[in-house]
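Chains as they are written, first to last, in the working numbering: chain A, 1001 to 1344; chain B, 1001 to 1344; chain C, 1001 to 1344.
Worksheet for the structure shown next.
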Amino acid sequence: MTYVRNTWYVAAWSHEIAVDQPLATRVLNEPIVMWRDSTGRLAALADRCLHRLAPLSLGRCQGETLRCRYHGWLYDHAGRLIEIPGQAQMPASGLQVRVYPVVERYGWVWVWIGEPARANAELIPPLVGIGHPDYEFDYGQLDYAAEARLITDNLLDLSHVSFLHTESFRMSEIWARARPKLTEQERGIRSERWVRNEGPMGELNATNRVDTYFRCDFFIPGVLLMSARAYPVGTAAALSDAQPPQFSSMEEGFTTQAVTPMTDRTARYFYMMGWPRGRVDQASRDATRVIYEKGFAEDQRMIEAQQRSIDASPAARFMSSSADQGVVLFNRLVEKLARQELAQ
Amino acid sequence: MTYVRNTWYVAAWSHEIAVDQPLATRVLNEPIVMWRDSTGRLAALADRCLHRLAPLSLGRCQGETLRCRYHGWLYDHAGRLIEIPGQAQMPASGLQVRVYPVVERYGWVWVWIGEPARANAELIPPLVGIGHPDYEFDYGQLDYAAEARLITDNLLDLSHVSFLHTESFRMSEIWARARPKLTEQERGIRSERWVRNEGPMGELNATNRVDTYFRCDFFIPGVLLMSARAYPVGTAAALSDAQPPQFSSMEEGFTTQAVTPMTDRTARYFYMMGWPRGRVDQASRDATRVIYEKGFAEDQRMIEAQQRSIDASPAARFMSSSADQGVVLFNRLVEKLARQELAQ
Amino acid sequence: MTYVRNTWYVAAWSHEIAVDQPLATRVLNEPIVMWRDSTGRLAALADRCLHRLAPLSLGRCQGETLRCRYHGWLYDHAGRLIEIPGQAQMPASGLQVRVYPVVERYGWVWVWIGEPARANAELIPPLVGIGHPDYEFDYGQLDYAAEARLITDNLLDLSHVSFLHTESFRMSEIWARARPKLTEQERGIRSERWVRNEGPMGELNATNRVDTYFRCDFFIPGVLLMSARAYPVGTAAALSDAQPPQFSSMEEGFTTQAVTPMTDRTARYFYMMGWPRGRVDQASRDATRVIYEKGFAEDQRMIEAQQRSIDASPAARFMSSSADQGVVLFNRLVEKLARQELAQ
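Below, the structure is given as structure tokens:
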């Protein structure tokens, strides 16, 4: 499938990369080593030594450099080869491994996979994540045996909530029976909806009915900020289904998520659940986390089965319904940006 | 290899498919979901939702319909798409997943893989199996990491009994040294032989010598009924090696077996051991089962090793001996029927 | 990659092949069965029966023959088919499975993979191994998920010792900073070096400094004899870095190693550690073995990671340094011999 390259992908959690503990990952099939030198500075390089392609992620940090652990070739932050042990002269000038622009934000390490010269930190989407003074976070990740696109498609069509998440989120069929309001953005889409007169998430048959407003901002390449807030029954009608005022203050919790394609058939799914700092007790946070992680496991089981089914029937094609409008809009945006890259 | 498509394959045990517990399998590489509705009616459909190819086998039965658990698309027994939640109109008329004709017989679910219009229950071979009033059964199955043809070839050339099954069936080299009588049938072959003056199965060196008559009816696509019966020494000579009278009453036990190609390199092997109802004690049945399952494990080990050897030496070819006459006749029949299908 | 075929590969340990216990292996992707008849005579044949390609390694020795356990076809030491049970005549004359010339030497079974007519036991390299009256041996083997060439390259460029083996051999950076003396041989290369005024192996910071002389004879297709001996500090200078007299008596231990390509991505690494008979106590031998096996595990981890990195970046190429001179010379010899084979 098509992926945008001139964009930032979430490659790791910032806290995963300690000084002298290089971390290997893949993004869009490219092996990448992320490492932090003795000053704490982060770099991301192609994870293979120029010499014999040994992974630099098995290497050792030395001051501000990274030394391959196989035969000791030494690199700096820019990926430049600065020493071959026992050899006075370099075999050529300007030798270097590829360097990937890297930014730490929201608790994540963002890596730019496309042309380094086009890397622009302003293209990192406006999320709310770890490090924000007003919120605290629970977090986790899942490794999928499935293509990233299947996961982003899942998140872009929440009609599945009604059928797949009957044991976790336990929300009504309204998710499948009514369509959200979708708005195209420059590098993403916004999805909004009111759910009137239902129990809150996880309490399908609850007697404590509320009107709930949901909003999901979904950004290239596959990151999102999803928030919800409950109001007294009648609020949606009174607002004529418009967005409630002060909704963006996220007083009731939200999630920040990222889906990163690692290889053609694997992806890493990063998620955080945010809470207004000091306002939610641990038991409530834990209960919510249990619901989310049960739901994420339901997604993973279905999507990995979907991937196996796709692979078993390569001639079969998808068929869209009106619930796929968000999927269609987002993937059309991906296609457009990918085409623009090729034309540049 | 070549397989007949316009035929019935054993896809499961009838008792495996409970109401609201759809079962996934593959036959000839095709993913199939078998499911039973609230009335007990059985259906077999292509195991992928039209929407995004999610397996319907993860779905939920609702009355007489099956609902995909991903986004809730709803199908009837004929595979017809009858609802897309939240969408008043279907994207096109006549949308359906493929339906496979299905029949339950002998305790098995038989699925027709070829053209549905040609499905004819009379082509299900005349076996004896679970549900027959005169017999009771033990049963089991094995999943092979090998092509189905290697298993049917094994069953069609019982000369291997003398060498492979020395620890289980423990029968003499007569199986390898003398050839059975083979008779071509319209959709199968019959193999018969007398083994004179030997111990019974599992007792190679027994002093209780008998003449034993063996018969195996082997049917397209790979199912068989094998029975044996012991007579006083001298019976074979007295009958000039003809079939003994009343042999078909199967008073001494028999086996009914089916080999189903799942993928190019996997197969499922279903077997039952039948006994005249109320005539054989449990200890004898258990002892026989132990012998058979030891023998089946010997077959599996050899055939899976044979498959790996074939795959390791793709240029190598088989070489037939006179013991392969049954293999040759049966596979020639498979080729003929497969050619006829293509010509139709 | 290119491998020489007209050469002897180490296929097993002699003691692994007991009478009536055929052993399967692969060399250069070819499945081979090694077996010893009732007289103890060893043979190596293609590991697939002519009949249906069942592995002969599952077969049974009968006197001086090997019988396939599937349908009983019988072979002699030369691979000749000498019986098809139940069939008076062979389907053709001269039927046989391929036979591989085989020699037992140094405790190993050597198999000739190329043209049998060219097999010449004098091409087995002059090693010292199990069975030598003056030495006793510890030994082991490792199975690699990597191509054999990566392992021989590792052994041909010991500059990696300084960086990869900091936890095991614990030797100084002199291994990477200075180059050994290399001498081309007819079918191999010799590598020699003095390491002056360092602790002995495994004792990087030891105060008991010595001058150590190392020599490694590396032979086609990938076997080596490596020995070392410590001398008083000053010896290297006094000898002007020449080889010390009586060095070949190996009074301080040595290793004999062989790397055999099994498939394109697997290899078996055989090693022995030799000691002057009766001169080294078991505790010292055990301590040395622990160091070696830790070092071998470091090699395996790096080389398997290197293989995965190569496979993940098929377009990437190696870049040589002056430390690779041994690698270059040896692989040039491999290429030359392989070209000669093709021209013959």
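Ideal Cβ placement from N, Cα and C applies to all residues, glycine included.
The structure presented is a predicted model; accordingly, all values stated were derived computationally and were not measured.
Straight-line CA distance for residue i to residue j?
i	j	result
Val1280/A	Ser1172/C	57 Å
Gly1222/A	Ala1092/A	40 Å
His1165/C	Arg1177/C	15 Å
Leu1127/A	Ile1032/A	24 Å
Asp1324/B	Ile1189/B	13 Å
Thr1235/B	Gly1199/B	15 Å
Leu1182/B	Arg1170/B	24 Å
Trp1013/C	Asn1331/C	26 Å
Thr1266/A	Tyr1009/A	15 Å
Gln1282/C	Glu1192/C	29 Å
Ala1338/B	Ile1130/C	59 Å
Glu1030/A	Thr1263/A	8 Å
Gln1300/C	Met1226/C	19 Å
Phe1163/B	Glu1184/C	54 Å
Pro1180/C	Asp1241/C	11 Å
Against chain B, with Cβ distances strictly below 7 Å, would residue i count as a contact?
i	result
Pro1031/C	yes
Phe1270/A	no
Gly1063/C	no
Phe1218/A	no
Ser1248/A	no
Ser1191/A	no
Ser1313/A	yes
Output yes if chain A places a C-beta closer than 7 Å to the C-beta of residue i; else output no.
i	result
Gln1306/C	yes
Ser1284/C	no
Ala1176/C	yes
What do you reckon, are the CB atoms on residue i and residue j nearer than 7 Å?
i	j	result
Pro1259/A	Tyr1271/A	Residue 1259/A is actually Val in this sequence, not Pro. Cβ distance not < 7 Å, so Val1259/A and Tyr1271/A don't count as in contact.
Ile1345/B	Leu1142/B	Given a span of 1001 to 1344 for chain B in the structure shown, any question on residue 1345/B remains unanswerable.
Asn1006/A	Gly1114/A	yes
Leu1045/C	Val1099/C	yes
Leu1042/B	Tyr1003/B	no
Asp1020/A	Glu1064/A	no
Gly1202/C	Ile1310/C	no
Ala1145/A	Pro1261/A	no
Leu1050/B	Met1001/A	no
Asp1134/A	Arg1277/A	yes
His1160/A	Tyr1075/B	no
Using the beta-carbon of each residue, which ones in chain C are nearer than 7 Å to residue i?
i	result
Ala1179/B	In the sequence as presented, Ala is not what sits at residue 1179/B; that position holds Arg. Correct list: Gly1086.
Leu1042/A	The premise fails here: Leu1042/A is roughly 22 Å from chain C at the closest Cβ pair, so nothing lies under 7 Å.
Under 7 Å Cβ-Cβ, which residues of chain B neighbour residue i?
i	result
His1160/C	Residues of chain B passing the Cβ test: none, with the nearest at roughly 33 Å.
Leu1337/C	Within 7 Å Cβ-Cβ: nothing; Leu1337/C doesn't reach chain B, min ~25 Å.
Leu1058/C	Met1302, Ala1305
Applying a beta-carbon distance threshold of less than 9 Å, which residues of chain B neighbour residue i?
i	result
Met1173/A	Reading off the sequence, residue 1173/A comes out as Glu, not Met. Those are Gly1072, Pro1085, Gly1086, listed as they occur along chain B.
Between residue i and chain C, is the shortest Cβ-Cβ distance under 7 Å, so that the two count as touching?
i	result
Ala1206/B	no
Phe1137/B	no
Leu1351/A	Nothing in the structure corresponds to residue 1351/A, since chain A is present only between 1001 and 1344.
Phe1214/B	no
Ala1146/B	no
For a contact defined as C-beta to C-beta under 8 Å, what are the partners of residue i on chain C?
i	result
Ala1054/A	Met1302, Ala1305, Gln1306, Ser1309
Trp1091/A	Here residue 1091/A is Pro; the residue named in the question, Trp, does not match the sequence. Result: Met1319, Ser1320, Ser1321.
Starting from residue i, find everything on chain A with Cβ-Cβ shorter than 9 Å and list it in chain order.
i	result
Arg1209/B	Per Cβ cutoff of 9 Å: no residues; Arg1209/B is ~53 Å from chain A at best.
Give the residues of chain C in contact with residue i, contact being defined as C-beta atoms less than 9 Å apart.
i	result
Arg1067/A	Phe1163
Taking Cβ-Cβ distances shorter than 8 Å, what residues in chain E pair up with residue i?
i	result
Asp1157/A	Among the protein chains in the structure shown, which are A, B and C, there is no chain E.
Please list, in chain order, the chain A residues whose beta carbon lies closer than 7 Å to that of residue i.
i	result
Ser1168/C	Result: empty, since nearest Cβ-Cβ is about 13 Å, beyond 7 Å.
Residue i touches chain B at which residues, Cβ-Cβ below 8 Å?
i	result
Ala1316/A	Arg1048, Leu1053
Taking 6 Å as the cut-off, is the CB of residue i close to at least one heavy atom of the ligand ZN?
i	result
Pro1245/C	The ligand ZN is absent from the structure shown, which contains no ligands of any kind.
*Given 8 Å, three or more beta-carbon pairs between the stretch 1239 to 1255 of chain A and the stretch 1096 to 1114 of chain A*: no
Between the stretch 1008 to 1025 of chain A and the stretch 1056 to 1067 of chain A, do at least 3 Cβ pairs fall closer than 8 Å?
yes
Check your understanding: Should the stretch 1240 to 1253 of chain A be called in touch with the stretch 1207 to 1227 of chain A, which here means at least 3 C-beta pairs below 8 Å?
Key -> yes
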